[in-house]
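Chains as they are written, first to last, in the numbering used here: chain P, 4 to 311; chain C, 8 to 312. Using N, Cα and C, we set each Cβ at its ideal position, and we do this for glycine too. Only a predicted model underlies this, so the values are computations on that prediction, with no experimental measurement involved. Below: one structure, written as structure tokens.
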Amino acid sequence: MAYAKDLTAIRLLIASHKRWDLVFAVCGVLALMVGILTFTALFVDMALEGVPRLSWDFFTNYPSRRAAQAGILSAWVGSCLVMVVTAVVAVPLGVGAGLYLEEYAPKNWVTDVIEINITNLAGVPSIVYGLLALGLFVYQFGFGQSILSAGLTLALLILPVVIVATREAIRSIPVGIREGAYALGATQWQVCKDHIVPYSSAGILTGIIIGMARAIGETAPIITIGALTFIAFLPPSPIKAEPPFISFEWLTSPFTVMPIQMFNWTSRPEAAFLQNAAAAGFVLVFMTLAMNGLAIWLRYRLRKNIKW
Amino acid sequence: MPTPLSSSRLSQRRARIVRERAIEVVLFLAALVSVFTTVGIVYILVKESVVFFQQVSIVDFLTDTQWTPLFDDAHFGIMVLLSGTLTSSVVALAIAIPLGTVIAIYLSEFAPFKVREIAKPFLELLGGVPTIVYGFFALLFVTPVLQWFYPALPGFNLLSAGIVMGIMIIPYVSSISEDAMRAVPMNLREGSYAMGATRFQTATRVVVPAAFSGIASAYILGISRAVGETMILAVAAGMQPNLTFNPLEPAATITAYIVQVALGDLPHGSIGYQTIFAAGLTLMLFTLACNIGGHLLRKRFRETY
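This is the structure:
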């Protein structure tokens, strides 16, 4: 019968179209596997080459001409100090800017310009920030090739990340919370400091951690401002024995950071130095993974717990 | 006549208004920092480039086929660096765009909830690895693997740097494309399924066209990442200027050149110092052109529901 023949033809057609579903799903899984396998290969490669080199001495030794005695003391101390400057500058500015754009900003062209600007800045290559810092911080302002210059550069670099995270966190707070507070006579700033900022703090924190994880691995802008690759001393201590106990001398000190130390070792031909580079890379990957993992976990917790 | 009580209330109120205004101004200034950053970038790049172009003509800069700014016989042909940037970016995008798009479609339209919950954070971690580590990986893992297939490959080459760069960019492309696809309203998909379309047909003929403007922004971001990427190329592609479009050769990119100069000891104000700002300006104009192109593309294909 013609009817039955049509039916089988239709079924064949459906089956052949459904086959594409399967083919595509397989492609999707394969594409994901490329990413995941690369990541695994990278991590295992670093671990196999680097972990045997990790020891207490590796963290407490200065870089050296002899690969076996070289360590990352000045690099990790430098990284920590630069991160302090970055956080101190980027967190208030980023949260303030996000708060302004979400809670205060009138709808006019100035606000539009600021918003478009932030979107565009997120796409500017990091090395261009390095050039900005070289021209502006190092020479125009005379900060020199110091921890202060590097911290400010990285702060500007991660500012868009912090602003965007802050805005998203604030936007998820329902209007009713604000209206309730205003109805009780709170001023705009009281609403912000007592309600908006506390309720969005986990989301903001996620953004800050992701931004800091990016800053800690950034190499190009810091090389551009001229950080030295061979530093066998520590910056002056921020805490002094005699009053006023706190010193800011370290801000103007020359420095090196983890990624630069790794770059320096990577560009040497001797295998022993490459092993050092792998070890430094492993520490670096471990730190950024831990920070990103923390951020992901925070976000996951956040999504589960808060129901307005 | 106001009683003493109400007048003190009034002055309290006035102080409160002043404080509120002051806080608003402070927050506004924080928001303005981003504008100052852009102005600062443009000011520094243009200021130093102007000095550079007083000594080197723009025609030479664009047409010369040699880049030897630090030699006695100095040539300033940006084409040489641009060719390295373009070649490595093409290799990276040839990997990141297809894989990123397929992953985005798969995660948004095909994958079970569990797979998506696990895969997304994993991709995010992939994007969080420092680029210097990727550079090390390209030089000491990917290049030897490629040499195993093609023994004539030099130790520094654009191919392995481009491949690793592409894998680094996948998360940027996939996460933004996926967000765009998930924003497509459910009833469009339901309409398509009701007409008897399969998942694949719905994904490619309904969801992807509807989300195209978002996918285009993901591609644009991928392109600017590839063009601006520095450390992978500085480590794995060598830093020798080389006018070539062959990914099997070593070559310097604009970004790698800036790193190379910054590593040396160039006096402030010398011509070598100014070349990096001219190179940076070229890079900036290139990414700006990409962004404007992307903006126009998005406007042209924007769908609103």
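Can you find the residues in the same chain that come closer than 7 Å, C-beta to C-beta, to P:ILE212, ignoring five residues on each side of it along the sequence? Cβ within range, chain order: MET294, LEU297, ALA298.
I'd like to know whether the C-beta of P:MET265 is nearer than 8 Å to at least one C-beta of chain C. yes
For P:LEU124, which residues of its own chain have a beta-carbon under 6 Å away from its beta-carbon, when the five flanking residues on both sides are left out? So the list reads PRO163, once near-sequence residues are dropped.
Below 9 Å between beta carbons is the criterion; list the residues of the region 219 to 251 of chain C that meet it against any residue of chain P, in chain order. For the region 219 to 251 of chain C, which is checked against every Cβ of chain P, the residues closer than 9 Å are ILE227, LEU228, SER231, ARG232, VAL234, GLY235, GLU236, THR237, MET238, ALA241, VAL242.
So for C:PHE129, helix, strand or coil by DSSP? helix
How big is the Cα-Cα spacing for P:LEU104 and P:VAL54? When rounded, the distance between both Cα atoms is 46 Å.
Determine contact between the region 79 to 87 of chain C and the region 244 to 264 of chain C, defined as no fewer than three beta-carbon pairs at a distance below 8 Å. yes
What does the Cβ neighbour count give for P:ASN279, buried or exposed, with the cut at 16 atoms within 10 Å? buried
Taking 8 Å as the limit between beta carbons, can you name the residues of its chain near P:ALA275, skipping five residues before and five after? For P:ALA275, the CB contacts under 8 Å within the same chain, skipping 5 residues up- and downstream, are ALA70, ALA71 in chain order.
Are the CB atoms of P:MET215 and P:ALA90 within a distance shorter than 8 Å? yes
Please tell me whether C:LEU130 and C:SER182 are closer than 8 Å, where the distance is taken between their beta carbons. yes
So, does the CB of P:PHE61 fall closer than 8 Å to a CB anywhere in chain C? no
C:PHE293, buried or exposed, once every other Cβ within 10 Å from all chains shown has been counted against 16: buried
May I ask which residues mark the beginning and end of the alpha helix (DSSP H) holding C:MET291? Unbroken alpha helix (DSSP H) run through C:MET291: 278 to 308.
Please classify C:PRO119 as buried or exposed, where buried requires at least 16 neighbouring CB atoms within 10 angstroms. With fewer than 16 other Cβ atoms within 10 Å, it is exposed.
Is the beta carbon of C:VAL140 closer than 8 Å to that of P:LEU287? yes
Can you tell me where the alpha helix (DSSP H) with P:ILE199 in it begins and where it stops? Premise fails: P:ILE199 is in no alpha helix (DSSP H) and is neither H nor E.
Please report how far the alpha carbon of C:GLY221 lies from the alpha carbon of C:ARG189, in whole angstroms. 11 Å
Using a Cβ cut-off of 8 Å (strictly closer), state whether P:GLN278 contacts chain C. no
Evaluate P:SER77 with the Cβ neighbour count: other Cβ atoms within 10 Å of its Cβ, from every protein chain shown; 16 or more gives buried, anything less gives exposed. buried
Which of the residues in the region 275 to 299 of chain C, read from start to end, lie with their CB under 7 Å from any CB of chain P? HIS275, ILE283, PHE284, GLY287, LEU290, MET291, THR294, ASN298
Which bits of chain C does P:LEU162 rub up against, with CB to CB less than 9 Å? VAL40, SER41, THR44
Applying the 10 Å Cβ sphere with the 16-neighbour rule, what's the burial state of C:LEU315? For residue 315 of chain C there is no data in the structure shown, the boundaries of chain C being 8 and 312.
Does P:PHE316 come out as helix, strand or coil in the three-state DSSP assignment? Any property of residue 316 of chain P remains undetermined from this structure, which presents chain P solely from 4 to 311.
Kindly list, in the order they appear in chain C, the residues whose Cβ is closer than 8 Å to that of P:PHE42. PHE129, LEU132, LEU133, VAL136
What's the call for P:ILE219, buried or exposed, on a 16-neighbour Cβ count within 10 Å? Buried, by the Cβ-count rule.
So is C:LEU270 in contact with chain P if we call contact Cβ pairs under 8 Å? yes
Residues from the region 107 to 122 of chain P in contact with chain C, defined by Cβ distance under 8 Å: Across the region 107 to 122 of chain P, CB contacts with chain C closer than 8 Å involve TYR107, ALA108, VAL116, ILE117, ASN120, ILE121, in sequence order along the chain.
Within the same chain, show all residues whose beta-carbon is closer than 8 Å to that of C:LEU166, passing over the 5 residues directly before and after it, in chain order. VAL98, LEU153, LEU160, PRO254, LEU255
So, is C:CYS297 buried or exposed, given that buried needs 16 or more other C-beta atoms within 10 angstroms? buried
Quick check: the region 147 to 165 of chain P against the region 175 to 182 of chain P, are at least 3 beta-carbon pairs closer than 8 Å? no
is_contact[C:THR205, chain P] using C-beta, thresh 8 Å: yes
Specify, as a first and last residue, the run of the alpha helix (DSSP H) that C:ASP71 falls within. It is not in any alpha helix (DSSP H) - C:ASP71 carries neither H nor E in the DSSP assignment.
Looking only at its chain, what residues have a beta carbon closer than 7 Å to the beta carbon of C:ARG309, apart from the 5 residues adjacent to it on each side? SER220
8 Å Cβ cut-off: residues of chain C touching P:ILE1: Summary: the structure shown does not reach residue 1 of chain P, with chain P confined to residues 4 through 311, and so no result is reported for it.
Closer than 8 Å, CB to CB, is P:GLN72 near chain C or not? False, the Cβ-Cβ gap to chain C never drops below 8 Å.
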